[in-house]
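Q: Residue numbers (the numbering used here): 69 to 246.
(1) According to DSSP, is residue 171 helix, strand or coil?
(2) Buried or exposed, going by whether 16 or more other CB atoms sit within 10 Å of the CB of residue 115?
(3) In this structure, does DSSP put residue 95 in helix, strand or coil?
(4) Alpha carbon to alpha carbon, how far is residue 75 from residue 95?
(5) What separation, rounded to the nearest whole angstrom, lies between the Cα atoms of residue 191 and residue 102?
(6) Start and end of the alpha helix (DSSP H) containing residue 228?
(7) Run through DSSP, which three-state label would residue 188 get?
(8) Helix, strand or coil for residue 134, going by three-state DSSP, please let me know.
(9) Buried or exposed: where does residue 212 fall if 16 or more other Cβ atoms within 10 Å of its Cβ makes it buried?
(10) What does DSSP give as the partner residue(s) for residue 82 in the beta ladder?
(11) For residue 203, which three-state DSSP category applies?
(12) Let me check one thing: in DSSP terms, what residues is residue 214 bridge-paired to?
(13) Would residue 207 be called buried (16 or more neighbouring beta carbons within 10 Å of its own) or exposed?
As structure tokens, this is what we get:
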């Protein structure tokens, strides 16, 4: 998302309530500093200085709590594909369909903000369910194969490789056991 005042990426997303109506601002660091200095302590009268300081301290404490919460969320990992929430935030892509369930609490506000809805109301692919399951299996088997190689369990890695090939060729994965 771009800054509303220039073409730089927006790194600050500010929501203000004005007469009970939320107004969102998406600003780069430079314009956010400018905006906050205009609406912050620069215009405070001496008698309002303590209130302005208290307000800024409360905001800093909330930012600290948010940073701690974000660090905790970044460690959350999908059990199917192994993608972490940090990986999603960094790349902007999910790893598998199960990520929507795994990261539901974090994704719903984002999806609602982008699309205005959290429920899909459009078309769905005819082969969606089976193809989606196969892709999920492939993702999981590839992750397991990488783990097996890292653990130097080459026999298990070979079986998983064969299973992946069978799925890619259209055979069912149940024909092998791993």
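Just so it is clear, CB atoms sit at the ideal spot from N, CA and C, and this is done for glycine as well.
A: Well, looking at it:
(1) It is coil, neither helix nor strand.
(2) Unreliable positioning characterises residue 115 in this predicted model, as indicated by a pLDDT of 47, which lies under 50. A coordinate reading is not provided.
(3) Strand.
(4) Near 10 Å, if we compare the C-alpha coordinates of residue 95 and residue 75.
(5) Between residue 191 and residue 102, the C-alpha separation is close to 45 Å.
(6) Start and end: 222 to 236.
(7) Here residue 188 sits in coil by DSSP.
(8) If DSSP states are grouped into helix, strand and coil, residue 134 belongs with the helices.
(9) Buried, by the Cβ-count rule.
(10) Looking at the DSSP assignment, residue 82 forms a beta bridge with 93.
(11) Looking at residue 203 - three-state DSSP - the assignment turns out to be helix.
(12) BP columns for residue 214 are empty, so no partner.
(13) By the 10 Å Cβ count, residue 207 comes out buried.
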